[in-house]
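K.L.:
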Amino acid sequence: MPMPATRKAISYKRLVELETQLRAEVEELFIRAEQSEQPEVPDGLVVREEMARREDRLAHLAQAKAVIEARAKERGEAEQAEYEAKLVQRAERERATGRRSGGRPPGPPTSEPRESDQYNFTDPESRIMKNPTNAGYAQDYHAQVAVDQKSLLIVGCALSNHPNDSQEAEPTLQAIPSAIGTPDAAALDAGYFGPATLLACAKRGIEPYIATGRDPHHTSWQQRFAPLPDPPSEDASALVKMAYKLKTAVGKAIYGARKCTVEPVIGIIKEVLGFRQFSLRGAQAAAGEWSLVCLAFNLKRFHTLAEAQH
6 MPMPATRKAI SYKRLVELET QLRAEVEELF IRAEQSEQPE VPDGLVVREE MARREDRLAH
66 LAQAKAVIEA RAKERGEAEQ AEYEAKLVQR AERERATGRR SGGRPPGPPT SEPRESDQYN
126 FTDPESRIMK NPTNAGYAQD YHAQVAVDQK SLLIVGCALS NHPNDSQEAE PTLQAIPSAI
186 GTPDAAALDA GYFGPATLLA CAKRGIEPYI ATGRDPHHTS WQQRFAPLPD PPSEDASALV
246 KMAYKLKTAV GKAIYGARKC TVEPVIGIIK EVLGFRQFSL RGAQAAAGEW SLVCLAFNLK
306 RFHTLAEAQH
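Per the numbering used here, residue 6 is the first one in the sequence shown, and the count goes up by one each step.
This is how it looks when you write it as structure tokens:
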């Protein structure tokens, strides 16, 4: 969900350039202030005030730089698990086909900031994220919901500033009140697949059904009705085992229900309730706003369920 505006944001590349420029200007002003014979000063120029203004700006830039670098390190650590999973998938594919994979092997992640990494001075806790609808970028928070398949009520909600879903299963499952209980199974889309999600489900005794990629369009009837292959070996990767589980009758039924569970809820929140943008700033305030939106949805849903009983 986007924030009100992306103004007052700065990229890491521009930050470094501006930091260099301001340091040079401070040095120039310092030399001017130390000269025994003052050169001609432009009208309105107060050297020490100009130095103080730039030093204050440098302090803000240093804070932004530290945050960007810390986020880059966090991202690198998260991407390491994905990188290792890709290497395993590549090795399994080569073993299954007996041929070396084409193209370059995936490169290891880096903890260094990217030039395009940004910091927003208006809301430092929000992040620039890619919009899956139009492939654009916006200053966003990442909203999550856990939805009961039978009632379509939201049973848990969470919000973060992480740009993808790989770490979001844990806080979303944790948000489900103990009074409701723990679900036996959970259906999640491909963005959640990874060690963190599998661990979050395993420690709660939840059987996960997670997409391992996009299904091809216009599959032939032979592919659709092909018999279930033999189960993968015990030493197969988690990805291979999950792909097999989704091909079983139970897997197809549980994951197939996802498109008429979570997706309609998000659609109603956006199109019927009209919530497409946070009004508050800061992760805590935005999380509270998201909780109110989910509460509003549940009140609307309760009304629908009550009418259906009459």
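Beta carbons: idealized from backbone N, C-alpha and C, even for Gly. Model, not experiment: these values are computed from the prediction.
Are residue 29 and residue 52 close, meaning C-beta to C-beta below 9 Å?
P.N.:
Result no, Cβ atoms of residue 29 and residue 52 do not sit closer than 9 Å.
K.L.:
Go ahead and pull the three-state DSSP assignment for residue 170.
P.N.:
Of the three classes helix, strand and coil, the one that applies to residue 170 here is coil, per DSSP.
K.L.:
Can you give me the start and stop residues for the beta strand (DSSP E) that residue 213 sits inside?
P.N.:
Here the beta strand (DSSP E) through residue 213 covers 212-215.
K.L.:
Would you mind sorting residue 308 into buried or exposed? The rule is 16 or more other CB atoms within 10 Å of its CB.
P.N.:
Residue 308 should be labelled exposed.
K.L.:
Buried or exposed, going by whether 16 or more other CB atoms sit within 10 Å of the CB of residue 192?
P.N.:
Buried, by the Cβ-count rule.
K.L.:
Would you decide whether residue 76 is buried or exposed? Buried here means 16 or more other CB atoms lie within 10 Å of its CB.
P.N.:
Counting Cβ neighbours within 10 Å, residue 76 comes out buried, since at least 16 surround it.
K.L.:
By Cβ distance, which residues of its chain are closer than 6 Å to residue 11, with the 5 residues on each side in sequence left out?
P.N.:
For residue 11, the predicted structure reports a pLDDT of 49, less than 50, and the residue's modelled location is therefore unreliable. A value from the coordinates is still provided. Cβ within range, chain order: 144.
K.L.:
Give a yes or no on whether the C-beta atoms belonging to residue 285 and residue 293 are separated by under 9 Å.
P.N.:
Going by C-beta atoms, residue 285 is nearer than 9 Å to residue 293.
K.L.:
Are there 16 or more other CB atoms within 10 angstroms of the CB of residue 68, so buried, or fewer, so exposed?
P.N.:
With fewer than 16 Cβ atoms within 10 Å of its Cβ, residue 68 is classed as exposed.
K.L.:
Are the CB atoms of residue 214 and residue 155 nearer to each other than 9 Å?
P.N.:
No, these two residues do not count as a Cβ contact at 9 Å.
K.L.:
Tell me the rounded alpha-carbon separation between residue 291 and residue 160.
P.N.:
Their backbone Cα atoms lie some 19 Å apart in a straight line.
K.L.:
Any idea what DSSP makes of residue 184, helix, strand or coil?
P.N.:
If DSSP states are grouped into helix, strand and coil, residue 184 belongs with coil.
K.L.:
Ordered along the chain, which non-local residues of its own chain (more than five positions away) have a Cβ less than 6 Å from that of residue 289?
P.N.:
Answer for residue 289: no residue qualifies.
K.L.:
Is residue 150 helix, strand or coil when you go by DSSP?
P.N.:
Residue 150 falls in the strand class under three-state DSSP.
K.L.:
To the nearest angstrom, how far is the alpha carbon of residue 59 from that of residue 31?
P.N.:
Straight-line Cα distance between these residues: approximately 7 Å.
K.L.:
Which residue from 217, 257, 239, 152 puts its Cα closest to that of residue 233?
P.N.:
Here the closest residue by C-alpha is 257.
K.L.:
Residue 181: which of 153, 57, 231 sits nearest, CA to CA?
P.N.:
Cα-wise, what sits closest to residue 181 is 153.
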